[in-house]
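Since the structure comes first, as structure tokens, the remarks are kept for the end.
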Amino acid sequence: MTKPGNELLFLALGGSGEIGMNVNLYGTQGKWVMVDLGLTFADPGYPGIDLILPDLDFIERNRKDLIGIVLTHGHEDHIGAIPYLAADLGVPLYATPFTAGLIRGKLEEEGITKQVKLNVVPRDSAFDLGPFRFTYVPLAHSIPEGNALLIETPYGNIFHTGDWKLDEEPLLGTPATAEELTAIGDEGVLALVCDSTNVFNDAASGSEAAVREGLDAVVREATGRVLVTTFASNAARLQTLGQVAIDTDRQLCVAGRSLDRILKVAKSVGYLQDFPPIIDFDTAMRLPPRDVMIVATGGQGEARAALARIAFDSHQLKLSKGDTVIFSSKQIPGNEMQIARIQNMLASKGIEMVTDRQAHVHVSGHPGRPELELMYRWIRPEIVLPVHGEMRHMAEQARFADSLGVPKSIVQMNGDMIRLAPDGPKKIGTERSGRLILDGDVILPADGTTMNERRKVSVNGVIAVAAAIDQSGRLKGKPAITFQGVPIEEDRVDFIAEASEAAGKALSAGGKDESKLREAVRLAVRRKATEWTGKKPIVDVSLIRV
1 MTKPGNELLF
11 LALGGSGEIG
21 MNVNLYGTQG
31 KWVMVDLGLT
41 FADPGYPGID
51 LILPDLDFIE
61 RNRKDLIGIV
71 LTHGHEDHIG
81 AIPYLAADLG
91 VPLYATPFTA
101 GLIRGKLEEE
111 GITKQVKLNV
121 VPRDSAFDLG
131 PFRFTYVPLA
141 HSIPEGNALL
151 IETPYGNIFH
161 TGDWKLDEEP
171 LLGTPATAEE
181 LTAIGDEGVL
191 ALVCDSTNVF
201 NDAASGSEAA
211 VREGLDAVVR
221 EATGRVLVTT
231 FASNAARLQT
241 LGQVAIDTDR
251 QLCVAGRSLD
261 RILKVAKSVG
271 YLQDFPPIID
281 FDTAMRLPPR
291 DVMIVATGGQ
301 GEARAALARI
311 AFDSHQLKLS
321 KGDTVIFSSK
331 QIPGNEMQIA
341 RIQNMLASKG
351 IEMVTDRQAH
361 VHVSGHPGRP
371 ELELMYRWIR
381 PEIVLPVHGE
391 MRHMAEQARF
401 ADSLGVPKSI
411 VQMNGDMIRL
421 APDGPKKIGT
431 ERSGRLILDG
441 DVILPADGTT
451 MNERRKVSVN
461 GVIAVAAAID
471 QSGRLKGKPA
481 ITFQGVPIEE
491 DRVDFIAEAS
501 EAAGKALSAG
511 GKDESKLREA
521 VRLAVRRKAT
531 EWTGKKPIVD
541 VSLIRV
């Protein structure tokens with residue numbers, strides 16, 4: 001099925017079965033709308049790759065029926081794929097001012113501002129898009145203008161939460177009250193499409209105001225320079241850190257391009273107006289250590305971010321024994337090794353480290369079980385449809401909703417076509433979904449030929465064989481062997497001699513079929529490499545007729 005009829009459909013092309021890369025489609029009366037267009041970051045299974053994009057093949061084939069892309073908030077896993085994929089979809093974007101500011105910067109960097117229409121929607125307002133009516137409903141999160149979407153359709157209302165939490169003392173923005181959310185429930189909600197990230201947490205996420213107290217205490221005790229690393233997009237945390245610098249009589253220095261960008265956009269739309277002045281790197285290094293607080297990117301171990309460069313002495317800012325680094329962020333699963341590498345280097349220099357295990361220096365931007373229970377009570381949906389989680393998170397949220405009396409729930413994965421109404425929820429089909437990689441300036445399949453070859457090279461290495469043959473296919477001279485990444489160190493000369501001999505024997509029979517000759521050489525050299533190393537490297541054979 002590609003074209004929605006007299007029904008209400010839901011299809012996730014990203015973010016279901018994974019945390020990150022959120023892309024959700026709603027369809028009714030022949031039209032589709034997209035909610036969010038995010039990316040995720042590559043793990044070591046994608047050598048040479050930084051960014052993973054969603055495969056939008058389904059909606060690209062049906063782009064004539066797509067009428068717009070609505071963005072809930074400005075995190076990369078919700079807007080990061082826009083500069084790479086939105087122009088090809090050819091539909092307008094809709095976002096509130098802060099999110100629109102971040103998107104505009106991305107479009108400018110890619111030089112596609114004229115190719116993508118960006119509509120700025122006032123906070124707390126509504127707009128019509130074909131058979132859909134969207135209302136932005138502010139919810140607390142770790143970035144300004146975190147929004148849920150109330151989506152009114154001919155077949156019932158959807159409350160799409162985006163990323164959210166409850167915070168009685170938010171530092172930025174004013175989230176919807178319990179009364180306002182209850183009023184939405186009073187109007188009737190067919191489906192709650194809900195963030196599942198922290199469903200296993202028995203406690204609520206906590207308030208940003210409490211983090212300020214925890215950071216104040218840690219920074220006051222520090223005798224040297226203090227560096228705090230956090231997610232650049234967490235503008236609420238930046239507001240907190242600005243206040244902590246003032247509370248502890250330290251001057252503030254900011255290190256990281258993404259931090260500079262977030263500060264600029266936040267101030268341009270009215271946030272962070274009381275943020276303290278920022279000193280430059282030279283000033284920070286000249287001041288007494290006790291007078292300086294640095295905010296830096298790189299808390300997830302990113303090799304090119306400011307924290308890694310500072311830790312490995314390739315940055316203007318320096319840390320030394322007696323200084324303190326505070327990790328004011330949650331360690332994302334999969335980043336443990338990169339983070340440990342930086343922490344080990346800091347420890348070797350006598351630098352003290354504080355994480356959320358030692359002090360109250362971080363709170364999550366996602367709801368724990370108490371918050372989910374309250375949302376169910378206020379919204380009172382007929383259906384809970386978990387998203388934004390791995391399968392275990394989404395299955396647990398469905399079980400939790402069932403235990404609290406929500407009438408229906410459905411656990412879906414990327415590519416599952418779900419009919420929400422009439423007679424829903426029900427899976428009615430499967431569409432293609434998957435991952436793409438951004439490799440340099442080229443977008444490729446995540447498991448295509450290029451990436452599979454690169455994985456093989458990274459695991460086994462590569463050997464190149466070049467040999468001259470006459471017109472009868474007989475060897476002229478001696479085959480040349482070069483290799484990279486094959487685990488041979490001190491005996492390279494001996495291995496090259498044996499591999500060259502193996503290649504020569506494979507060519508000794510001659511023949512005019514080059515493909516057969518090339519395959520014979522490839523197998524002979526690979527066998528020799530396996531004898532030496534136990535590995536099966538890629539063998540590339542070039543035959544030159546002379």
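Letter by letter, the sequence shown follows residues 1 to 546 of the UniProt record's numbering. Heads up, the beta-carbon is just placed ideally off N, CA and C, and yes, glycines get one too. Note that the structure is predicted; figures quoted are calculated from it, not measured.
Looking at the secondary structure, which residues open and close the beta strand (DSSP E) in which residue i lies?
i	result
Tyr-155	It is not in any beta strand (DSSP E) - Tyr-155 carries neither H nor E in the DSSP assignment.
Trp-32	31-35
Tyr-46	Element bounds for Tyr-46: n/a, residue is neither H nor E.
Lys-114	First-last for Lys-114: undefined, no H or E at that position.
Pro-319	Checking the sequence shown, residue 319 turns out to be Leu, not Pro. It is not in any beta strand (DSSP E) - Leu-319 carries neither H nor E in the DSSP assignment.
Arg-545	538-545
Thr-430	426-430
Comparing alpha-carbon positions, which option in the options lies nearest residue i?
i	options	result
Leu-226	Pro-479, Thr-197, Pro-289	Note on residue identity: the sequence assigns Val, not Leu, to residue 226. Ranking Pro-479, Thr-197, Pro-289 by Cα distance to Val-226 puts Pro-289 first.
Asp-470	Ser-328, Arg-133, Leu-543	Leu-543
Ala-446	Pro-54, Asn-6, Arg-286	Pro-54
Pro-487	Pro-537, Ile-443, Glu-498, Met-451	Pro-537
Trp-32	Phe-58, Asp-323, Val-442, Thr-96	Phe-58
Lys-408	Arg-392, Tyr-376, Gly-130	Tyr-376
Ile-103	Thr-324, Glu-76, Gly-322	Glu-76
Glu-490	Asp-513, Arg-474, Thr-533	Thr-533
Phe-400	Glu-371, Ile-428, Leu-420	Glu-371
Thr-72	Gly-473, Leu-51, Phe-281, Pro-97	Pro-97
Phe-200	Ser-364, Ser-515, Val-457, Val-465	Ser-364
Gln-316	Thr-324, Thr-283, Gly-334	Thr-283
Gln-459	Gln-484, Arg-474, Gly-473, Lys-476	One detail in the question is off: residue 459 reads as Val in this sequence, not Gln. Taking only the C-alpha atoms, the option nearest Val-459 is Gln-484.
Gly-68	Asn-24, Gly-429, Glu-531, Gln-358	Asn-24
Leu-172	Pro-44, His-366, Glu-145	Glu-145
Asn-198	Lys-349, Thr-430, Gln-338, His-366	His-366
Asp-291	Lys-318, Ala-340, Gly-224, Phe-231	Gly-224
Ala-222	Gln-239, Asp-249, Gly-429	Asp-249
Hey, could you find the ends of the alpha helix (DSSP H) residue i is sitting in?
i	result
Ile-379	369-379
Asp-57	57-61
Val-525	514-533
Gln-397	391-403
Lys-106	97-110
Gly-504	492-507
Pro-445	Premise fails: Pro-445 lies in the beta strand (DSSP E), 442-445, not in any alpha helix (DSSP H).
Ser-458	449-460
Gln-338	336-348
Pro-83	82-89
Glu-352	It is not in any alpha helix (DSSP H) - Glu-352 instead sits in the beta strand (DSSP E) that spans 352-354.
Ala-126	Taken as a continuous stretch (DSSP letters only), Ala-126 belongs to no alpha helix (DSSP H), being part of the beta strand (DSSP E) at 126-129.
Determine whether the beta carbon atoms of residue i and residue j lie at a separation below 7 Å.
i	j	result
Pro-479	Gly-511	no
Ser-433	Gly-415	yes
Val-541	Arg-518	yes
Ala-203	Gly-368	yes
Ala-191	Ile-383	yes
Ser-328	Val-254	no
Ser-196	Met-394	yes
Ala-311	Leu-259	no
Arg-133	Glu-152	yes
Ile-19	Gly-74	no
Ala-296	Leu-307	yes
Leu-8	Tyr-155	yes
Leu-252	Met-293	yes
Ala-266	Ala-305	no
Ser-233	Ile-262	yes
Ile-410	Leu-385	yes
Arg-526	Val-539	yes
Ile-332	Gln-300	yes
Lys-535	Glu-498	no
Among residues of its own chain, excluding the 5 on either side of residue i, which ones have a beta-carbon nearer than 6 Å to its beta-carbon?
i	result
Thr-135	Ala-126, Leu-150
Pro-175	Pro-138, Leu-139, Ala-140
Val-244	Leu-215, Asp-216, Val-219
Gln-115	Ala-87
Skipping 5 residues on each side, what residues in its chain have a beta carbon closer than 7 Å to that of residue i?
i	result
Glu-373	Leu-404
Ile-379	Phe-159, Leu-181, Ile-184, Gly-185, Val-189, Leu-192
Gln-343	Met-353
Asp-124	Tyr-136, Pro-138
Asn-22	Gly-14, Gly-15, Asp-36, Gly-38, Asp-77, His-78, His-388
Ser-320	Lys-349
Asn-147	Thr-72, His-73, Thr-96, Tyr-136, Val-137, Pro-138, Leu-139, Gly-162
Can you list, in chain order, the residues of its chain with a C-beta nearer than 8 Å to that of residue i? Leave out the 5 residues immediately preceding and following it.
i	result
Ile-49	Ala-42, Ile-437, Leu-438, Asp-439, Met-451
Run through the stretch 220-289 for me and flag every whole beta strand (DSSP E) of 3 or more residues, listed as ranges in chain order. Runs found: 226-229, 251-255.
Hey, which unbroken runs of the beta strand (DSSP E) at 3 residues or more fall wholly within the stretch 179-214? Fully contained in the stretch 179-214 are the following beta strand (DSSP E) runs of length 3 or more, in chain order: 191-195.
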